[in-house]
Each structure stands twice: as C-alpha cells, then as structure tokens.
Amino acid sequence: MNSSSLVTKTADDLHCSKDALTDKFGLFLQILLACLAFTCLIAKRFCEPRSERRSWLIWFYDTSKQGMGSMAIHLANVWLAGQYKGDPCTWYLINFLLDSSLGLLIIFIGIRLSQYLSRRKGWESINFGEYGKPPSANAWMIQCCLYVCLMLIVKGSITLFMQLNFWQNVKDFIMSPIPNAKVEVAFVMLIIPFFVNMLMFWVTDNFLMYKDPAKRRYSGTRESLLRRMHVKYRTLTRKRRVDSESDVLLSADDELLDNESVPITRTVDT
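In structure tokens form, the structure reads like this:
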C-alpha cells in the first residue's frame, strides 16, 4: 500500500506524463507547429528582393534540407525527453533551446567549413545552395545528407552537454509556475518553439541559400562608387560655396575701387 501511494504521488508530481508529447494533443501541436514554420519560410521568400528571389525549385531545395534536419532533431528530442527521469516536457524544452542557440553556432561553423572545402577542393556538390545549371537533384541529395549529418553532430554534442548535473535544477525551475499539464505541453510544443523556430529558420535559411559572389562584389563596388560620388559632390558643393563667397568679396572690392576712382567735384558759391 505504501508503494502504491508512492507511485501515485510521483505521477501527480509530474507536470506532464511520459506520453504527453506523443498523444493526440501533442501530435496535433507538432503538426500545427510544422505548418506554421513552413508558412514562415514561404513568407521569407516573398520578402526577398524581386531581383534576387529564388525560383520555387531552388527554394524547395534550400528549405527541404532544413526541414529534414529539423525533423531529425525533433524526433531525437521527443525520444530523449522520455529517457530522462522526471517531466519529459521540460527536458524537451531544454534540449530545444540548446539546439536553437548552441546548435545554431555549430550549424554555422559546419556550413562555412563545407563551403571552404568546396572552394578549396573544387567539390561543388557540397557548396550549400549551389545545385548547378540546371539544378541537379543529386547535388540536393548530397547536401541534404550532409546537413542531416551536421544536425546529428549538433544533437550528439547537446546530449553530452545535457549530462551535466546542474540541468536537473534548471528543469525543476523552468516549468514550476505552470501546474496544468495541457498548458505546459502547449507552451513546450507550440508557443515557445513557434517564436524560436521563426527566428532560427530565417537565420538558417540565410546560411543555406546560395549567395552569388559576383553580386556581392557588385554590391560592394556600387556602395563604394556611391560613397565616392557623395564625397565628390560634397567637395564640389564646398568649392562652389567658397567661390561664391570669393565672388561676393571681389565684387564688393571692385565697387569700392570704382567709388574711389570717381572724381569729387566741389561747387563754389559765387
């Protein structure tokens, strides 16, 4: 009887149960979050300058890599959350926030390293965002596999980092103000991830999309040319102002000299 009471108390102490992330409500929130994240990426495409906007095929190649990588991370987080002792919702949230901060730094380093090797070795297929002309599905597949492997490295690094003892105290603190299990699941699986994913997907998409070096050079040259023209314009304006002031002074001097050269006649009364 004592053991039964202990089990009941332990279950009551949990904010959400072990299957809270995978029941119908949890799955509904995950599907809704995926749709919102996809909508965010569509909106980002329309925010791009019309002259630089990607075609739908290139956009799909770029965003599908991110989608596959995010799905791999998400499934790993859901599985790992159930392996820890205690509330799975808080463990999932901690993993998610670390993936979105420390993980984003690892992703950036990995993408830049891949682009460096692409330029150094001539391996165009691993240059993220570059698929050839016409776009090659093989290059897209190679980059997808490479990005998923990069995300697995992120997940492995975060999992090792999570073994530190102080995370237990973080877990106890982070969701303590929320006593309702459904509200906690909504915060963990939808509300917080939506705002974080919106920022992370936007930034990561900038990492993954191809940026034409010629356009970057042209942009830099154009800015430099505009800067030089602005400096020249200011110089000419200043020179004209000085010349104008000099003309005024000269005209005043000429007028004074003219006045001095005019003979003064006196009238004598007779």
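Okay, so the sequence shown: first residue is 29 according to my numbering, each after it adds one.
We put the beta carbon where it would ideally sit given N, CA and C, even for glycine.
In this structure, how does DSSP classify residue i when only helix, strand and coil are distinguished?
i	result
residue 51	coil
residue 221	helix
residue 169	helix
residue 88	helix
residue 161	coil
residue 206	coil
residue 10	With the chain represented from 29 up to 298, any question about residue 10 goes unanswered, as that position is not in the structure.
residue 63	helix
residue 81	coil
residue 45	coil
residue 228	helix
residue 69	helix
residue 183	helix
residue 247	Low confidence applies here, because residue 247 scores a pLDDT of 44, under 50, leaving its location unreliable; read the following figure in that light. Of the three classes helix, strand and coil, the one that applies to residue 247 here is helix, per DSSP.
residue 156	coil
Do you know whose CA, among the options, lies nearest residue i's CA?
i	options	result
residue 165	107, 86 and 206	86
residue 101	128, 75, 80 and 212	128
residue 108	211, 188, 207 and 209	188
residue 195	141, 206 and 123	123
residue 126	77, 105, 65 and 60	105
residue 113	82, 46 and 266	46
residue 227	66, 92, 59 and 198	66
residue 91	209, 171 and 200	171
residue 53	222, 77 and 209	209
residue 231	55, 59 and 72	72
Here's a check: name, in chain order, each residue in its chain whose Cβ is nearer than 7 Å to the Cβ of residue i, leaving out the five neighbours to either side.
i	result
residue 214	57
residue 168	89 and 159
residue 116	44, 46, 48, 49, 109 and 110
residue 216	117, 120 and 121
residue 179	97, 100 and 101
Cβ atoms of residue j and residue i: under 8 Å apart, would you say?
i	j	result
residue 176	residue 237	no
residue 229	residue 111	no
residue 202	residue 132	no
residue 134	residue 185	yes
residue 146	residue 137	no
residue 61	residue 218	yes
residue 233	residue 130	no
residue 174	residue 142	yes
residue 183	residue 119	no
How far does the alpha helix (DSSP H) with residue i in it reach, from first residue to last?
i	result
residue 200	195-202
residue 139	116-149
residue 152	Note, residue 152: premise wrong, no alpha helix (DSSP H); not H, not E.
residue 210	209-214
Grab me the residues of residue i's own chain with a C-beta within less than 6 Å of its C-beta, minus the 5 sequence neighbours each way, in chain order.
i	result
residue 63	none
residue 27	In this structure the chain extends from 29 to 298, so residue 27 is not present and cannot be described.
residue 220	none
residue 224	128
residue 75	none
Excluding the 5 residues flanking residue i on each side, which residues of the same chain have their C-beta closer than 8 Å to its C-beta?
i	result
residue 294	Low per-residue confidence applies at residue 294: pLDDT is 48, beneath 50, and the placement is therefore not dependable, though the value from the model is reported in the following sentence. Once the five neighbours on either side are set aside, residue 294 has no close Cβ partner at all.
residue 181	134 and 138
residue 211	none
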